[in-house]
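Just so we're aligned: the sequence shown equals residues 3 to 487 in this note's numbering. Virtual Cβ for every residue (Gly too), placed ideally from N, Cα, C.
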Amino acid sequence: MNWKVISRNIGYALLVSALFMLLSVGVSLLEGGDSALAALSISFLITFIVGIFPFIFIRETPAITLKEGYVIIFLSWLLSFIFGMLPYALWGGPFTLQNAWFESVSGFTTTGATILDDVEALPKSLLFWRASTHFIGGLGVVVFLLLLIPGSNQMKMRLTNMELTNLSRGGYSTRTNQTVYIFAYVYLGLLVASFISYILAGMPVFDAVCHAMSVSATGGFSSRNLSIAAFDSRWIEGMTMLFMYLSSIHFGLVYLTFVTRSLKPLNNPVVKFYTGSIVVVAVIVGAGLKGNGICEGWGSALWNGLFETLCVTSTAGFAILDNADWPMWIEMVLMFSAIMCGSAGSTSGGVKVDRILLLFKSAGRRVGRILHPSSVNEVRLGKRILRDEEVSPHIFYLCLYGFLLAVSVALSLFIGVDHQNSFIASVTSLGNVGPAYGALGTMGSFNSVPLLGKIVFTVDMFLGRIEIYPALAVVAMIFDKRARA
3 MNWKVISRNI GYALLVSALF MLLSVGVSLL EGGDSALAAL SISFLITFIV GIFPFIFIRE
63 TPAITLKEGY VIIFLSWLLS FIFGMLPYAL WGGPFTLQNA WFESVSGFTT TGATILDDVE
123 ALPKSLLFWR ASTHFIGGLG VVVFLLLLIP GSNQMKMRLT NMELTNLSRG GYSTRTNQTV
183 YIFAYVYLGL LVASFISYIL AGMPVFDAVC HAMSVSATGG FSSRNLSIAA FDSRWIEGMT
243 MLFMYLSSIH FGLVYLTFVT RSLKPLNNPV VKFYTGSIVV VAVIVGAGLK GNGICEGWGS
303 ALWNGLFETL CVTSTAGFAI LDNADWPMWI EMVLMFSAIM CGSAGSTSGG VKVDRILLLF
363 KSAGRRVGRI LHPSSVNEVR LGKRILRDEE VSPHIFYLCL YGFLLAVSVA LSLFIGVDHQ
423 NSFIASVTSL GNVGPAYGAL GTMGSFNSVP LLGKIVFTVD MFLGRIEIYP ALAVVAMIFD
483 KRARA
């Protein structure tokens, strides 16, 4: 294991965080030097020095190995969490070490769960840093690995196969390096478009910046206590729904739609299944909101049902209603969406809708073989026929995801989290969705969760964001003497 190679590449990740800390210092100065100026300045200096250190003392290194790549991925995220908590911890207030850690992990993983009971009590510079962690984490999901690892295209695609799944790669006719730029263009395009849309809809400039970074990363951090509900605007709610949806679709398809000026690329089985599931869940949730008297009219109920469904499926985690007193069955319907979430190749979390569709098709194929043993049953996605060796890794991932979810629920119950949120908070943390239920719901916070519970949920967030395998690879290398050699 070449630690010089590893440390040099990790330095890039820390320098990105340092850059946004410096921008946050600029925001503080524009505000006349608010209360977070010292905390952000010190955090910037520490992060910058540690990040630049490898470039001073280590010469340019050769291409990395596959094992070194996994270590770079794992440690880059982990150290980003650690250095990202510095501004919170140094500022103080509600940010104890455990709370600063929780907020940092939630930000970088674009989960959007928070320990803050009063978001608006934070100075604007710290709110900007908070939104910046979403921006860094969201961009990292789609390009971080490919930008860091300068090896062969084949190795890059192998490392990012669970994010750029082959189930939704059919729309690409580009090489891997070009794919990196496509992701970046779409991500930044959505950021700029959402910012302009929010401004035109009447949102103040600073709030528009924070919410644009949050919605493009499908994060959920808001600069207001009431989230999107604080603006009381159907236009802002509508723009938020539009960009939550676009940010949770495979970025390659969004790019092709824009370049070809045609909706034909969206005529994709995964997109159609995803859109259809959103409509079905939204109607069910809307009917529940109307039937339980939470919304008075059908128009309001369906609008709110669609908004809350998109918040969950995209993993954006915004809110216009408080779900603390909703019937449990509505939350259970939304939990299906929280497990499935958006498309592979987007900033969405969860197991990805691609794998859920593949699971249904595989189950249908198996039933078809039982009923008609002599017939030919194939798994198809559009015009593409998938072989068993292409299907099995994704089915195994679903099993692994379910196992980790069960472990998280058991640990949460043991720690003392109530039985409802032991399940719901585990689902929303592992899926990077954010808010849970009751006191941990859309208008609540995770501040009351015990220390060990916060650790469990942040581990869930981390595993959900990097899609489990890189973490398992690093753990395996720790216990494998051959891998350490």
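Counted as a single uninterrupted DSSP element, the beta strand (DSSP E) harbouring Arg382 occupies residues Val381 to Leu383.
A direct Cα-to-Cα measurement between Arg368 and Asn270 gives close to 23 Å.
Pro329 is not a Cβ neighbour of Phe76, given a cutoff of 8 Å.
In the DSSP assignment, Ile397 falls within the alpha helix (DSSP H) that extends over Asp390 to Ile417. In this structure, Thr220 sits away from Ile230, with a CB-CB distance that is not shorter than 8 Å. In the DSSP assignment, Ile387 forms a beta bridge with Arg382. Per DSSP, reduced to three states, the secondary structure at His252 is coil, with no helix or strand assignment.
Taking a contact as a CB-CB distance under 8 Å, the pair Gly404 and Gly352 does not count as one, their CB atoms being some 12 Å apart.
Linking Ile480 to Ile468 through their CA atoms gives a straight-line distance of about 18 Å. With a cut-off of 8 Å on Cβ pairs, the region 421-437 is not in contact with the region 360-374, counting fewer than three such pairs.
When only Cα atoms are considered, Lys363 and His396 end up about 12 Å apart. Between Asp209 and Ile48, the alpha-carbon positions lie close to 28 Å from each other. Using a C-beta cut-off of 8 Å, the region 444-464 makes contact with the region 313-332, since at least three inter-stretch Cβ pairs fall below that distance. Judged by beta-carbon spacing, Ser394 lies beyond the 8 Å limit of Ser249, meaning their Cβ atoms are not closer than that value. The beta carbon of Asn101 lies closer than 6 Å to those of Ile117 in the same chain, with the five residues before and after it left out. Here DSSP, grouped into helix, strand and coil, assigns Tyr200 to helix.
Collapsing the DSSP output to three states places Met23 in a helix.
If you ignore the 5 residues before and after Lys354, its C-beta comes within less than 6 Å of the C-beta of Ala346, all in its own chain and listed in chain order.
With contacts defined by Cβ atoms closer than 8 Å, His136 and Phe223 form a contacting pair. Each of Leu39, Phe46, Phe22 and Ser279 was checked against the Cα of Gly344, and the nearest Cα belongs to Ser279. In this structure, Asn449 keeps its C-beta atom at 8 Å or more from the C-beta atom of Tyr439. The C-beta distance from Ile60 to Asn11 rounds to 10 Å, too long to fall under 8 Å, and the pair is not in contact.
Comparing alpha carbon positions, the residue from Gly13, Glu310 and Pro206 closest to Pro56 is Gly13. In the displayed model, Lys354 falls within coil according to three-state DSSP, outside both helix and strand. The beta carbon of Leu388 is closer than 6 Å to those of Val381 in its chain, skipping five residues each way along the sequence. When the beta-carbon positions are compared, Ile184 and Phe260 stay at least 8 Å from each other.
Remark: three or more beta-carbon pairs, one from each stretch, lie closer than 8 Å, so the region 449-465 and the region 90-106 are flagged as touching.
Taking 3 residues as the minimum length, the region 297-358 contains no beta strand (DSSP E) run wholly inside it. Apart from sequence neighbours up to five positions away, the residues of its chain that approach Ser19 with a beta-carbon distance below 7 Å are Thr49, Ser82, Phe85, Gly86 and Ile138, ordered along the chain. Under the DSSP assignment, Thr135 falls in the alpha helix (DSSP H) whose first and last residues are Lys126 to Leu141. If you look at Ala231, you'll find it isn't in any alpha helix (DSSP H); DSSP assigns it neither H nor E. Under the DSSP assignment, Met463 falls in the alpha helix (DSSP H) whose first and last residues are Leu453 to Ile468. The alpha carbon of Ala408 has as its nearest neighbour, out of Lys266, Ala15, Ile54 and Asp462, the alpha carbon of Asp462. One thing to note: Pro96 has its Cβ no nearer than 8 Å to the Cβ of Ala41.
DSSP places Asp209 inside the alpha helix (DSSP H), whose first and last residues are Val207 to Ser218.
In this structure, the straight-line span from the alpha carbon of Asn306 to that of Ser199 is close to 20 Å.
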